[in-house]
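**Student:** My questions all concern the structure below.
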Amino acid sequence: MLTSEEWEVLLLSLRVGFFCVLFSLPPGIALGWLLARCQFKGKILLDGICHLPLVLPPVVTGYLLLLLFGRRGLLGGFFEQVLGVRLAFDWKGAVLASAVVGFPLMLRAVRLGIESVDPRLERVARTLGAGRLRAFCTVTLRLAAPSLLVGSLLTFARSLGEFGATITFVSNIAGETRTIPSAIYTYLNQPGEDAAAARLVVISIALSLAALLASEWVARRMAPPK
Amino acid sequence: MFGIVVFLSCVLSANFAYGDGKPPVVFAAASLNTVLQELMKAEGEKRGLRARFSFAGSAALARQIAEGAPADLFFSANVRWMEYLEKEELIAAGTRVDLLGNRLVVVAPKGEGFEVEPRRGFDFAGAFSDRLALGDPGHVPAGIYARQALEQLGWWRSLAGRLAPAPDVRAALVFVERGECAAGVVYATDAMVSAKVEVVAELPVGAHEPIVYPVAAVRGRASEKVEQLLRFFQSPEAAAVFARHGFTPLNAKAEKEERKE
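The listed protein sequences correspond, in order, to chains A and B.
Per the numbering used here, the first sequence runs over residues 590 to 815.
Per the numbering used here, the second sequence runs over residues 11 to 271.
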């Protein structure tokens, strides 16, 4: 049904999506908590900056990633020399591109989840002897868990469709950075490969739809009873 | 509230007049970005000519035209995509002109040049580390020419798995400018435009099919304005601007030969 190249593309997309969600969760939770629970100067500005990838043209996001995380970039040099991780032309760069682009979705979901947790419950846990971190993990996060799941599914679905930033930052290298959208783009540009493109389009739609429906179902299940 | 919505709808949908009618839409290859914009500013304005440009990879543009995009002129970096549209009968008959030529060069980030001898037997793959940036050899004209040249020079095999295929030649240039790739294959004209790369070798002209930039009017859109623009592109003044940017005006050569006879 699928050629080996197409399997490679599909598995790469799933791998990129999985790690994208994994690496988006910690900053998503941290910033979500910060924006939900704290008041500080410049909060609105921070909120705006976190939502930028949602409104910037993806190619611009990709170019900014190249500036920051490319070899000569501010952070890219650190990654390469200190951590030994090369981001450009590598699937890890594709993960970064997807994570940046999907971050606003994760953040919104987490923030709403934490905001919906009654702070008094956290304080009760504290009076019963739990430290701040323990109270946060066992009470707040547990109660906000459905929102985390929704955020994760949305970020995953977004990662499956991420193209502009990916191709600008990590190019389109078969087996390394050729995710489903990049592969569809490649096939569409070659006369006669329409069938292969069509197969990937169908898979892409099916996966994204499944993720979106799952997130919707979770959101409904966990909504407070009326 | 409703009044505001109505007001905004009217204002935002108004046509900002360009004089009589709208300027022709030209779908042009990415490598023509700088030269065409300068051409219109330097010479086009003197003649009261305007155009609206859409720059992208020639393959993407050809596909868009095939799907009915409202382009008036198509200026491709490769005859293959022009011929694709001609086969689909989407080009106005008799309007095609093979206008410009170009050359391929190997570039490196400025200050990081290395020795390259453009001949068979030279160990090109060993001359630099990591990946070679180029237009996607599957469909981008610059990438197709690059692949032909690299194959002719016997360097292609040793570069397997070391390519960074970009969606158009300008994106490949950016990879080299940013130092992300130690080397890239782009047009000589692109290397001229960028201050952040240096040319380390010119690839032999005979190593690939002739680089020809054909321009033509899209079928059903050959209006007076469009034909004026086409004639303007073929004028000696335009040829001078193209030449200044490193393109080889093919048409001018043909004109000169005619005058000699």
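All C-beta atoms in this analysis are idealised placements derived from N, C-alpha and C, irrespective of residue type, glycine included.
For the segment 62–77 of chain B and the segment 89–96 of chain B, state whether three or more C-beta atom pairs, one from each stretch, are separated by less than 8 Å.
**Tutor:** They touch, by the three-pair rule.
**Student:** Report the CB separation of Gly256 (chain B) from Ala198 (chain B) in whole angstroms; it is logged as a contact under 8 Å.
**Tutor:** Sequence index remark: in the second sequence, residue 256 (chain B) carries index 246 (1-based). Sequence index remark: in the second sequence, residue 198 (chain B) carries index 188 (1-based). Sure, about 5 Å apart at Cβ, within 8 Å.
**Student:** Need the endpoints of the alpha helix (DSSP H) that Ser19 (chain B) sits in, please.
**Tutor:** For the purposes of this step, residue 19 (chain B) is taken as residue 9 along the second sequence, with counting starting at 1. Start and end: Phe12 to Ser23.
**Student:** Could you please give me the residues that DSSP links to Ile101 (chain B) through a beta bridge?
**Tutor:** Taking the first residue of the second sequence as position 1, residue 101 (chain B) is located at position 91. In DSSP, Ile101 (chain B) forms a bridge with B:Val228.
**Student:** Per DSSP, what are the beta-bridge partners of Glu208 (chain B) in this structure?
**Tutor:** In the second sequence, counting from the first residue as 1, residue 208 (chain B) sits at position 198. B:Ala118.
**Student:** Mind checking Cys20 (chain B): buried by the 16 CB within 10 Å criterion, or exposed?
**Tutor:** Taking the second sequence and counting its residues from 1, the one referred to as residue 20 (chain B) is at position 10. Looking at its Cβ environment, which holds fewer than 16 other Cβ atoms inside 10 Å, Cys20 (chain B) is exposed.
**Student:** So, does the CB of Thr768 (chain A) fall closer than 8 Å to a CB anywhere in chain B?
**Tutor:** Within the first sequence, numbered from 1, the residue matching residue 768 (chain A) stands at position 179. So, not an interface residue.
**Student:** Kindly give me the distance between the Cβ atoms of Phe758 (chain A) and Ala698 (chain A), rounded to whole angstroms, as I take these residues to be in contact under 8 Å.
**Tutor:** By one-based count along the first sequence, residue 758 (chain A) stands at place 169. By one-based count along the first sequence, residue 698 (chain A) stands at place 109. The Cβ separation is near 25 Å, so there is no contact.
**Student:** Counting C-beta neighbours from all protein chains within 10 Å, is the total for Asp200 (chain B) 16 or more, i.e. buried, or is it exposed?
**Tutor:** The residue labelled residue 200 (chain B) in the question sits at position 190 within the second sequence. Burial call: buried.
**Student:** Below 7 Å on C-beta distance, what does Phe678 (chain A) contact in chain B?
**Tutor:** Taking the first sequence and counting its residues from 1, one reaches residue 678 (chain A) at position 89. Result: Arg141 and Ala174.
**Student:** Would a C-beta distance cut-off of 8 Å place Val115 (chain B) and Leu213 (chain B) closer than the cut-off?
**Tutor:** Within the second sequence, residue 115 (chain B) is the residue found at index 105, counting from 1. Within the second sequence, residue 213 (chain B) is the residue found at index 203, counting from 1. A contact, by the Cβ cut-off of 8 Å.
**Student:** Going by C-alpha distance, which of B:Ala176, B:Arg129 and B:Lys56 is nearest Gly164 (chain B)?
**Tutor:** Here the question's residue 164 (chain B) lines up with position 154 in the second sequence. Of the candidates B:Ala176, B:Arg129 and B:Lys56, the one whose C-alpha sits nearest the C-alpha of Gly164 (chain B) is B:Arg129.
**Student:** Return yes when the Cβ of Ala152 (chain B) is within less than 8 Å of the Cβ of Val179 (chain B), no when it is not.
**Tutor:** Residue 179 (chain B) sits at position 169 when you count from the first residue of the second sequence. Residue 152 (chain B) sits at position 142 when you count from the first residue of the second sequence. Yes, Cβ-Cβ distance for Val179 (chain B) and Ala152 (chain B) is below 8 Å.
**Student:** Helix, strand or coil: how does DSSP classify Arg700 (chain A) here?
**Tutor:** Counting from one through the first sequence, the residue named residue 700 (chain A) turns up at place 111. Correct three-state label for Arg700 (chain A): helix.
**Student:** Give the DSSP bridge partners of Tyr197 (chain B), in chain order.
**Tutor:** Looking up residue 197 (chain B) in the second sequence gives position 187. Per DSSP, B:Leu114.
**Student:** Express the C-alpha separation of Pro615 (chain A) and Glu161 (chain B) in angstroms, rounding to a whole number.
**Tutor:** Stepping through the second sequence from its first residue, residue 161 (chain B) is reached at position 151. Stepping through the first sequence from its first residue, residue 615 (chain A) is reached at position 26. One C-alpha to the other measures close to 48 Å.
**Student:** Taking the alpha-carbon positions, what's the Pro33 (chain B) to Gly67 (chain B) distance?
**Tutor:** Position 23 of the second sequence holds residue 33 (chain B). Position 57 of the second sequence holds residue 67 (chain B). Computed Cα separation, rounded: 22 Å.
**Student:** With distances taken from CA atoms, which of A:Pro646, A:Leu611, A:Ala784 and A:His640 is nearest Ile756 (chain A)?
**Tutor:** Within the first sequence, residue 756 (chain A) is the residue found at index 167, counting from 1. The residue with the shortest Cα to Cα distance from Ile756 (chain A) is A:Pro646.
**Student:** By the criterion of Cβ-Cβ separation under 8 Å, what are the contact partners of Gly148 (chain B) in chain A?
**Tutor:** Counted from its first residue, the second sequence places residue 148 (chain B) at position 138. Residues of chain A passing the Cβ test: Thr775, Asn778 and Gln779.
**Student:** Assess contact between the segment 618–628 of chain A and the segment 762–771 of chain A, defined as three or more Cβ pairs (one per stretch) separated by less than 8 Å. Is contact present?
**Tutor:** Not touching, per the Cβ criterion.
**Student:** Going along the chain, which unbroken runs of the alpha helix (DSSP H) with 4 or more residues stay wholly within the segment 123–151 of chain B?
**Tutor:** If we require 4 residues or more, the segment 123–151 of chain B turns out to have no alpha helix (DSSP H) run fully inside it.
**Student:** Please confirm whether Pro708 (chain A) and Leu643 (chain A) have their CB atoms less than 8 Å apart.
**Tutor:** Residue mapping note: residue 708 (chain A) aligns to position 119 of the first sequence, counting from 1. Residue mapping note: residue 643 (chain A) aligns to position 54 of the first sequence, counting from 1. Contact flag unset, no.
**Student:** Assuming Thr768 (chain A) contacts Leu591 (chain A) under a Cβ cut-off of 8 Å, what Cβ separation, rounded to an integer in Å, is found between them?
**Tutor:** For the purposes of this step, residue 768 (chain A) is taken as the residue at position 179 of the first sequence. For the purposes of this step, residue 591 (chain A) is taken as the residue at position 2 of the first sequence. Rounded, the Cβ-Cβ distance is 15 Å, inconsistent with contact.
**Student:** Counting only Cβ-Cβ distances shorter than 8 Å, please list the residues of the segment 748–764 of chain A near chain B, keeping chain order.
**Tutor:** Under the 8 Å Cβ criterion, the segment 748–764 of chain A contributes Ile756, Thr757, Ser760, Asn761 and Ile762.
**Student:** Scan the segment 151–194 of chain B and note each continuous alpha helix (DSSP H) run of 4 residues or more that stays entirely inside, going in chain order.
**Tutor:** Complete alpha helix (DSSP H) runs here, min 4: 151–162 and 179–187.
**Student:** By the 10 Å Cβ neighbour count, where 16 or more other Cβ atoms means buried, how is Gly194 (chain B) classified, buried or exposed?
**Tutor:** Numbered from 1 along the second sequence, position 184 holds the residue referred to as residue 194 (chain B). It counts as buried.
**Student:** Please report the straight-line C-alpha distance between Arg231 (chain B) and Phe132 (chain B), rounded to a whole angstrom.
**Tutor:** As a first step, residue 231 (chain B) is located in the second sequence; it is residue number 221 there, counting from the start. As a first step, residue 132 (chain B) is located in the second sequence; it is residue number 122 there, counting from the start. Approximately 50 Å, taken between the alpha carbons.
**Student:** Assuming Val35 (chain B) and Asp108 (chain B) are in contact, meaning their beta carbons sit under 8 Å apart, how far apart are those beta carbons, in whole angstroms?
**Tutor:** The residue you call residue 35 (chain B) lines up with position 25 of the second sequence. The residue you call residue 108 (chain B) lines up with position 98 of the second sequence. 21 Å between Cβ atoms; not a contact.
**Student:** Give the secondary structure of Pro259 (chain B) by DSSP, where H, G and I count as helix, E and B as strand, and everything else as coil.
**Tutor:** On the second sequence, residue 259 (chain B) is found 249 positions in, with the first residue counted as 1. If DSSP states are grouped into helix, strand and coil, Pro259 (chain B) belongs with the strands.
**Student:** Beta-carbon of Arg188 (chain B) versus every beta-carbon of chain A: anything under 8 Å?
**Tutor:** Position 178 of the second sequence, counted from the start, is the residue given in the question as residue 188 (chain B). It does; some Cβ of chain A falls within 8 Å.
**Student:** Can you tell me which of A:Pro780, A:Val706 and A:Ala714 puts its alpha carbon nearest to the alpha carbon of Leu730 (chain A)?
**Tutor:** Your numbering for residue 730 (chain A) matches position 141 in the first sequence. Measuring from the Cα of Leu730 (chain A), the nearest candidate turns out to be A:Val706.
**Student:** For Arg661 (chain A), return the contacting residues in chain B, with the cut-off set at a CB-CB distance below 7 Å.
**Tutor:** Start at 1 with the first residue of the first sequence, and residue 661 (chain A) comes out as number 72. In chain order: Arg188 and Gly189.
**Student:** Quick one: give me the first and last residue of the beta strand (DSSP E) that Val36 (chain B) is part of.
**Tutor:** Along the second sequence, read from residue 1 onward, the residue named residue 36 (chain B) stands at position 26. Counting along the chain, the beta strand (DSSP E) containing Val36 (chain B) begins and ends at Val35 to Ala39.
**Student:** Using a Cβ cut-off of 8 Å (strictly closer), state whether Leu591 (chain A) contacts chain B.
**Tutor:** In the first sequence, residue 591 (chain A) corresponds to position 2, counting from 1. False, the Cβ-Cβ gap to chain B never drops below 8 Å.
**Student:** With 8 Å set as the bound, which would you pick, yes or no: does the beta-carbon of Ala27 (chain B) sit closer than that to a beta-carbon of chain A?
**Tutor:** If you number the second sequence from 1, residue 27 (chain B) lands on position 17. Low per-residue confidence applies at Ala27 (chain B): pLDDT is 49, beneath 50, and the placement is therefore not dependable enough to give any value.
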